[in-house]
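Reviewing the structure listed below.
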Amino acid sequence: MVAKVYAATVIGIDAFPVEIEVNLTGVNSISMKDSAISIVGLPDTAVKESRDRIYSAFVSSDFIPPRGFTVVNLAPADLRKEGAAFDLGIALGILGAVGTVNTERLGRIAAIGELGLDGSVRPVRGALPIAAKLASEHSVSALLVPPANAREAALASCNKLPVFPVNNLKEAAELVNLGHGTPFRAELEKFDTSCITCDFNEVKGQLAARRALEIAAAGGHNVLLTGSPGTGKSMLATRLPGILPPLSLPEALETSRIYSVMGLLSAGTPLIDRRPFRSPHHTISDAGLIGGGRDPRPGEISLAHNGVLFLDELPEFKRNVLEVLRQPLEEGVVTVSRASGSCIFPARFMLCAAMNPCPCGRGEVELGCQCKPEEKRRYLKRISGPLLDRIDLRVPVRQLTENELLKAPDGESSAVVRQRVVAARNLQMERYAGSGIFNNCQLTPKMLQQHCALSHSGEIMLKNAISVLKLSPRAYSRILKVARTIADLAGSSNIADEHLFEAINFRKTELDI
Numbered sequence: 057m058v059a060k061v062y063a064a065t066v067i068g069i070d071a072f073p074v075e076i077e078v079n080l081t082g083v084n085s086i087s088m089k090d091s092a093i094s095i096v097g098l099p100d101t102a103v104k105e106s107r108d109r110i111y112s113a114f115v116s117s118d119f120i121p122p123r124g125f126t127v128v129n130l131a132p133a134d135l136r137k138e139g140a141a142f143d144l145g146i147a148l149g150i151l152g153a154v155g156t157v158n159t160e161r162l163g164r165i166a167a168i169g170e171l172g173l174d175g176s177v178r179p180v181r182g183a184l185p186i187a188a189k190l191a192s193e194h195s196v197s198a199l200l201v202p203p204a205n206a207r208e209a210a211l212a213s214c215n216k217l218p219v220f221p222v223n224n225l226k227e228a229a230e231l232v233n234l235g236h237g238t239p240f241r242a243e244l245e246k247f248d249t250s251c252i253t254c255d256f257n258e259v260k261g262q263l264a265a266r267r268a269l270e271i272a273a274a275g276g277h278n279v280l281l282t283g284s285p286g287t288g289k290s291m292l293a294t295r296l297p298g299i300l301p302p303l304s305l306p307e308a309l310e311t312s313r314i315y316s317v318m319g320l321l322s323a324g325t326p327l328i329d330r331r332p333f334r335s336p337h338h339t340i341s342d343a344g345l346i347g348g349g350r351d352p353r354p355g356e357i358s359l360a361h362n363g364v365l366f367l368d369e370l371p372e373f374k375r376n377v378l379e380v381l382r383q384p385l386e387e388g389v390v391t392v393s394r395a396s397g398s399c400i401f402p403a404r405f406m407l408c409a410a411m412n413p414c415p416c417g418r419g420e421v422e423l424g425c426q427c428k429p430e431e432k433r434r435y436l437k438r439i440s441g442p443l444l445d446r447i448d449l450r451v452p453v454r455q456l457t458e459n460e461l462l463k464a465p466d467g468e469s470s471a472v473v474r475q476r477v478v479a480a481r482n483l484q485m486e487r488y489a490g491s492g493i494f495n496n497c498q499l500t501p502k503m504l505q506q507h508c509a510l511s512h513s514g515e516i517m518l519k520n521a522i523s524v525l526k527l528s529p530r531a532y533s534r535i536l537k538v539a540r541t542i543a544d545l546a547g548s549s550n551i552a553d554e555h556l557f558e559a560i561n562f563r564k565t566e567l568d569i
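If you use the numbering used here, the sequence shown corresponds to residues 57 to 569, in order.
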């Protein structure tokens, strides 16, 4: 007897439906001792090991293990199947083949979950993209999931696909036989954007750096903070997500899909509702940063999608690691290619980097710096020109004076700054409506000419800046984008000379090597 049930496999961050076919043959031809289960359809080691987990789960759940030779086919056969998420589906398929569960109802059900030896159903990675994909499959009418994955599955399917949490194999079999039950419903909770744990009103001084971060947040620009150790570079960077606009629901679902595949969603947080902030250590590998492995997984830049990637001590990162950032910074995606195929991961993030001005960190002779000019040049050359060219705002973070240190912080709160950032972003969304562009940093060359026109005096100013600073065409366009953002923060429809002047000043740096 052949029984069918649905499941899904995750490749990269995308889910692909899998049909599990189970056929029980030779029941009377071999003894119980010689009974065996064969799993075909490109299963990996974890899928093959499900035979032992399922056998023990049957015994613990008072089900009689099948006698004879059982063939389990995972179709399509040319698609690699990974992980333990197939345990529950295979077990239910076997129970259908031996007649324990109703095969007609089973054929319209999808099931994911790892089985414990006691028959319990354990959570799996990727429930969110799996549920979203299966919700579009007309042949699937219900989804059985571990209780810990129920909320993310229900949210991903927008309650269009009934989701039933099952605690163990016996409960899953009973649910299939009954043919009805109460599906889990998840309400789309309003995102709590009022809670800001790291607030800008805790920062003393650093008006230029605070202004630069506000501009960066308003236009989605990349920023580099340069200063001696202890001046507050990391403190400023950690407060950047607090002034970014709240996540929209599509952004939250897209970001949560990445975290679901990586197993970083818990039952209490089925949806990422705040802008991610990722701060990898400088010893990270290029695969850890952009993603990779034999079976490609997202890296830190994808985990920072729709949020902030903070690289502290930028020159300490390996040169080859930093160079892989070029494509994602331009395109907002990263393509990881392997012999078995390619995976495209979303990676539209804001890069916020921090570094010391020299190897000793002091930077100035008055502060005790004894670094020779050649040592400084070698230190700065660890960052390539092409990568530096993609950073829009370069900001010196200076040492605070005695009075500033002793005085209580008196700056604006993150909530106040965020209001201006949101207002500027709203202007950009209205201006670029229907174009697929959401902020100034994404402007195409054609749109740059349309929306970043300068006055005659502004053109002369920019011409002089190109000559003095030796600006590349990329640097020229990025100055215009920053100027457009500064104008938006000021509520101006045109780029005034003062807006352009401020954008050029944020481009000037001793790091142009």
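Each residue gets a CB set at the ideal place from its N, CA and C atoms; glycine is no exception.
If one requires a minimum length of 4 residues, the alpha helix (DSSP H) runs lying completely within the stretch 359 to 390 are 375 to 379 and 382 to 387, in chain order.
Scanning its chain for C-beta atoms nearer than 6 Å, with the 5 sequence neighbours on each side dropped, one finds around G149 the residues A59, V61, I76 and V78, in chain order.
Residue burial annotation: D544 is buried, with at least 16 other C-beta atoms found within 10 angstroms of its C-beta. Assigned with DSSP and collapsed to three states, V180 falls in coil, not helix or strand.
A residue is called buried once 16 or more other Cβ atoms fall within 10 Å of its Cβ, and L449 is buried on that count. Cα atoms of R331 and E468: separation of roughly 21 Å, rounded to the nearest angstrom.
For M517, the enclosing alpha helix (DSSP H) starts and ends at H512 to L525.
Apart from the 5 residues on each side of it in sequence, D445 sits with its Cβ closer than 7 Å to the Cβ of S528, R530 and A531 in its chain, given in chain order.
The residues V389 and T391, in chain order, have a CB closer than 6 Å to that of I400 in the same chain once the five nearest residues on each side in sequence are set aside. In the structure shown, T287 falls within a coil segment according to DSSP collapsed to helix, strand and coil. Boundaries of the beta strand (DSSP E) harbouring P402: G397 to P402, taken from the DSSP string. For the 8 Å CB-CB criterion, S316 and G145 do not form a contact. In the DSSP assignment, R207 falls within the unbroken alpha helix (DSSP H) covering A206 to A212. If you look at M411, you'll find it in the beta strand (DSSP E) that goes M406 to M411.
Beta bridge pairing from DSSP links D70 with I67.
With fewer than 16 other Cβ atoms from the protein chains shown falling within 10 Å of its own Cβ, K526 counts as exposed. Taking a C-beta distance under 8 Å as the contact criterion, G276 and N495 qualify as a contact pair. A direct Cα-to-Cα measurement between N215 and P221 gives close to 13 Å. The stretch 118 to 160 is shown to contain whole alpha helix (DSSP H) runs of 4 or more residues at 143 to 153, in chain order. Residue environment: V524 is assigned as exposed (fewer than 16 neighbouring CB atoms within 10 Å of its CB, all protein chains considered). L365 is positioned such that its CB atom lies closer than 8 Å to that of L407. By the neighbour-count definition (other C-beta atoms within 10 Å, threshold 16), L234 is an exposed residue. According to the DSSP assignment, A92 belongs to the beta strand (DSSP E) that extends over A92 to V96. Residue nearest to V201 within the set A188, G169, A210 and E227 is G169 (criterion: CA-CA distance).
A distance below 8 Å separates the beta carbons of I110 and D143. With 16 or more neighbouring CB atoms inside 10 Å of its own CB, T541 falls in the buried class.
For the pair H361 and I314, the CB atoms are nearer than the 8 Å cut-off. DSSP lists P221 as the beta-bridge partner residues of V201. Taking C-beta atoms as the reference points, P442 and M411 fail to come closer than 8 Å. Cα atoms of R164 and A92: separation of roughly 27 Å, rounded to the nearest angstrom. In the three-state scheme derived from DSSP, where H, G and I count as helix and E and B as strand, P452 is classed as strand. Fewer than three beta-carbon pairs drawn from the stretch 550 to 565 and the stretch 287 to 307 are found closer than 8 Å, and the two stretches are therefore not classed as touching. Listed as beta-bridge partners of R353 by DSSP are G348. Assignment of F240 by DSSP, reduced to helix, strand and coil, places it in the strand class. Under the 8 Å Cβ criterion, the stretch 549 to 557 counts as touching the stretch 507 to 518, having at least three qualifying pairs.
In this structure, DSSP gives V196 a state outside helix and strand, which the three-state scheme calls coil.
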